[in-house]
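Q: Chains as they are written, first to last, in this note's numbering: chain F, 1 to 401; chain W, 1 to 119. The beta-carbon is built from N, C-alpha and C at its ideal position, and this holds for glycine as well.
Shown next, in the form of structure tokens:
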């Protein structure tokens, strides 16, 4: 017998609000549908009323984990609009922070995967080691989460000799720990048994459904913006695109650990070959009318910003496509014919950042299916109407002890 | 690579005898880094009233107010409850009026107490 179940928008297994409607056959998911829009913040509209410099810090706040990727994507787009060539040393430092962010994001993901797979101690250890890279970011940028390192024409802070040495020293510890995790991920039977074969996504499916990032690379497709369309100084750095052929959650974990090792090598290369000279150049305040499309390989996959300028100091349009949004169609394919118990694991495997991907809210009648457009005052009136019917008797219930 | 039985066990046993890595925060404090972005500090003597900081501040946390009609003297009202600690004002100021200090324990129960006036 088939029956329908709705999971979310608020559910203990999901860290952010998203709703999944599933058609179940016993414990097996036969069909799934995603509903988004519970966390819409109106960032794109807000960006239109702010100057290019103010938007640097707004775009940074699209995401908390990959804050630097959104900011860099935006900065590179605006630099193209300004026809500005950034300072070489600035680009090296920018790439360095990109890779440090990838390290912290992947270590965070490994911990989340461990937790979802029921391997809590793995979660504790990876997050302990993540503190090391968070401290490095804190030293060079002045903040653990929002680094605010970018500016048009380079970066805002230089790296001195002491910081350079300190990062190189700490990198050894991170490398040693990651090697240990790679061995562990491949040899711990409970971990491998839980991840292997879950959330299958074939190579053809991954290409057809336009998956991005480690999800795509774990299906054996070596696609990476850093290699295909190099930005910053990626064309000068030696690195390999990490792939796996197992097409499941285990493959996604292996790709991320391999990328970690690549990132350490890149950080070492960048620090050893840091060129001398200025770290930023002066940028104009106004931008000529034009439009640009900027790509960036965030830890979760390809991040895209579209920016249109109209000759003033404010953008006319900013469109953000976060990598999570591109991975949703693939997630539905992965959920199909899987078990209910695998939902958190499959979701965690795309490293979802749900509020980054919320770009639109559509009001739809849950029963009829018709959609409509409402103004803010109408929405407010609806909320007030609903609040009138609230049952307040619960308020008077006293604490029984 | 072949599967082994409990490869995580040595690490777990070792951790039993290690000191906890968590810093007991309110009792022990770690030093903030050199370039930490704490609270904004303003020097009224250097301000020329160009208002670049007001226009660049992404959080609209800065107000520059002219003190006297005749003299070029300004005071600054910092809305620290809105400040996002990005230090753009430090970068934008042409006369280096701003700097960031290492103060981060600024939480209070009433947001109006977070207003700071530099004059």
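1. Excluding five sequence neighbours on each side, which residues of the same chain lie with their C-beta closer than 7 Å to the C-beta of residue 72(F)?
2. To the nearest angstrom, how far is the alpha carbon of residue 37(W) from that of residue 63(F)?
3. Given a threshold of 16 other Cβ atoms within 10 Å of its Cβ, counted over all protein chains shown, does residue 94(W) qualify as buried or as exposed?
4. Check the Cβ-Cβ distances between residue 35(W) and every residue of chain F, and say whether any is below 8 Å.
5. Would you say the beta carbon of residue 119(F) comes nearer than 7 Å to a heavy atom of the ligand ATP?
6. Residues bridged to residue 66(W) by DSSP?
7. Span of the beta strand (DSSP E) holding residue 320(F)?
8. For the alpha helix (DSSP H) that residue 162(F) lies in, which residues bound it at each end?
9. Just the C-alpha distance for residue 231(F) and residue 4(F), rounded to the nearest angstrom, thanks.
10. Do you know how far the Cα of residue 66(F) is from the Cα of residue 30(F)?
11. Give a yes or no on contact between the region 197–209 of chain F and the region 166–175 of chain F, applying the rule of three or more CB pairs nearer than 8 Å.
12. May I ask you to report which of helix, strand or coil DSSP gives residue 42(W)?
13. Distance cutoff 8 Å, beta carbons only. Does residue 31(F) sit that close to anything in chain W?
14. Kindly list, in the order they appear in chain F, the residues whose Cβ is closer than 8 Å to that of residue 56(W).
15. By how many angstroms is the C-alpha of residue 282(F) removed from the C-alpha of residue 107(F)?
16. Reducing DSSP to helix, strand and coil, say where residue 131(F) ends up.
17. Check this for me: beta carbons of residue 53(W) and residue 62(W), under 8 Å apart or not?
18. Measuring CB atoms only, is the region 75–87 of chain W touching the region 14–30 of chain W, in the sense that at least three cross pairs come out at less than 8 Å?
19. Evaluate residue 273(F) with the Cβ neighbour count: other Cβ atoms within 10 Å of its Cβ, from every protein chain shown; 16 or more gives buried, anything less gives exposed.
20. Would you call the region 344–355 of chain F in contact with the region 8–26 of chain F, where contact means no fewer than 3 C-beta pairs closer than 8 Å?
21. Establish whether the CB of residue 107(W) and some CB of chain F are separated by less than 8 Å.
22. May I ask you to report which of helix, strand or coil DSSP gives residue 288(F)?
23. Which residues in chain F sit within 8 Å of residue 12(W), going by Cβ to Cβ distance?
24. I'd like to know whether the C-beta of residue 251(F) is nearer than 8 Å to at least one C-beta of chain W.
25. Of all the CB atoms in chain W, is at least one closer than 8 Å to the CB of residue 142(F)?
26. Express the C-alpha separation of residue 255(F) and residue 185(F) in angstroms, rounding to a whole number.
27. Name, in chain order, the residues that DSSP records as bridge partners for residue 303(F).
28. Measuring CA to CA, which of 36(F), 220(F), 352(F) and 11(F) is closest to residue 359(F)?
29. Determine the extent of the beta strand (DSSP E) in which residue 282(F) is found, giving its start and end residues.
30. Quick one: is residue 84(W) near chain F, going by C-beta distance under 8 Å?
31. Using a Cβ cut-off of 8 Å (strictly closer), state whether residue 202(F) contacts chain W.
32. Taking Cβ-Cβ distances below 7 Å as the criterion, which residues of the region 186–199 of chain F are in contact with chain W?
33. Should residue 403(F) and residue 221(F) be called a contact, given that it needs their Cβ atoms to be closer than 8 Å?
34. Since I believe residue 257(F) is in contact with residue 306(F) (beta carbons under 8 Å), could you give me their beta-carbon distance rounded to a whole number of angstroms?
35. To the nearest angstrom, report how far apart residue 387(F) and residue 381(F) are at their CA atoms.
A: Let's see:
1. For the purposes of this step, residue 72(F) is identified with residue 72 of the first chain, where counting begins at 1. Answer for residue 72(F): 94, 98, 150 and 296, listed in chain order.
2. Residue mapping note: residue 37(W) aligns to position 37 of the second chain, counting from 1. Residue mapping note: residue 63(F) aligns to position 63 of the first chain, counting from 1. Distance between the alpha carbons of residue 37(W) and residue 63(F) is about 20 Å.
3. In the second chain, counting from the first residue as 1, residue 94(W) sits at position 94. Counting Cβ neighbours within 10 Å, residue 94(W) comes out exposed, since fewer than 16 surround it.
4. As a first step, residue 35(W) is located in the second chain; it is residue number 35 there, counting from the start. Yes, contact with chain F.
5. Absence of the ligand ATP is noted for the structure shown, with no ligands found whatsoever.
6. Here residue 66(W) refers to the residue found at position 66 of the second chain. For residue 66(W), which the question treats as bridged, DSSP gives the partners 74(W).
7. Counting from 1 along the first chain, the entry for residue 320(F) is found at position 320. It spans 315–321 - the beta strand (DSSP E) in which residue 320(F) sits, taken as one unbroken run.
8. Here residue 162(F) is taken as the residue at index 162 of the first chain, counted from 1. From DSSP, the alpha helix (DSSP H) with residue 162(F) extends over 161–187.
9. Mapped onto the first chain, residue 231(F) falls at position 231. Mapped onto the first chain, residue 4(F) falls at position 4. Going by the C-alpha atoms only, they are around 46 Å apart.
10. The sequence position of residue 30(F) within the first chain is 30, counting from 1. The sequence position of residue 66(F) within the first chain is 66, counting from 1. Cα to Cα, residue 30(F) sits roughly 33 Å from residue 66(F).
11. no
12. Numbered from 1 along the second chain, position 42 holds the residue referred to as residue 42(W). Residue 42(W): strand per DSSP, three-state reduction.
13. Your numbering for residue 31(F) matches position 31 in the first chain. Judged by the 8 Å Cβ criterion, residue 31(F) is not in contact with chain W.
14. Taking the first residue of the second chain as position 1, residue 56(W) is located at position 56. Those within 8 Å of residue 56(W) in chain F are 51, 53 and 54.
15. If you number the first chain from 1, residue 107(F) lands on position 107. If you number the first chain from 1, residue 282(F) lands on position 282. Residue 107(F) and residue 282(F): Cα-Cα distance of roughly 36 Å.
16. One-based indexing of the first chain puts residue 131(F) at position 131. Reduced to three states, the DSSP call for residue 131(F) is helix.
17. As a working note, residue 53(W) is residue 53 in the second chain. As a working note, residue 62(W) is residue 62 in the second chain. Yes, these two residues count as a Cβ contact at 8 Å.
18. no
19. Reading the first chain from its first residue, position 273 is the one you call residue 273(F). Exposed, because fewer than 16 other Cβ atoms sit within 10 Å of the Cβ of residue 273(F).
20. yes
21. Numbered from its first residue, the second chain carries residue 107(W) at position 107. Residue 107(W) does not count as touching chain F.
22. For the purposes of this step, residue 288(F) is taken as residue 288 along the first chain, with counting starting at 1. DSSP places residue 288(F) in coil when its eight states are reduced to three.
23. For the purposes of this step, residue 12(W) is identified with residue 12 of the second chain, where counting begins at 1. In chain order: 121.
24. Here the question's residue 251(F) lines up with position 251 in the first chain. It does not: the Cβ of residue 251(F) has no partner Cβ on chain W nearer than 8 Å.
25. Looking up residue 142(F) in the first chain gives position 142. Chain W, which has a Cβ nearer than 8 Å to the Cβ of residue 142(F), makes this yes.
26. Translated into the one-based positions of the first chain, residue 185(F) becomes position 185. Translated into the one-based positions of the first chain, residue 255(F) becomes position 255. Answer to the nearest angstrom: the Cα atoms are 11 Å apart.
27. The residue you call residue 303(F) lines up with position 303 of the first chain. Per DSSP, 296(F).
28. Against the first chain, residue 359(F) aligns to sequence position 359. Selected option, being the one with the closest Cα: 36(F).
29. By one-based count along the first chain, residue 282(F) stands at place 282. Taken as a continuous stretch (DSSP letters only), residue 282(F) belongs to no beta strand (DSSP E), as it is neither H nor E.
30. Counted from its first residue, the second chain places residue 84(W) at position 84. At least one chain F Cβ lies under 8 Å of residue 84(W).
31. Mapped onto the first chain, residue 202(F) falls at position 202. Chain W contact via Cβ: absent.
32. 186, 187, 188, 189 and 192
33. This structure cannot settle anything about residue 403(F), because the visible part of chain F is limited to 1 through 401.
34. The residue given as residue 306(F) occupies position 306 in the first chain. The residue given as residue 257(F) occupies position 257 in the first chain. Not quite, the Cβ-Cβ distance comes to about 33 Å (not below 8 Å), so this is no contact.
35. What you label residue 387(F) is simply residue 387 of the first chain in a count that begins at 1. What you label residue 381(F) is simply residue 381 of the first chain in a count that begins at 1. Cα-Cα distance, rounded: 10 Å.
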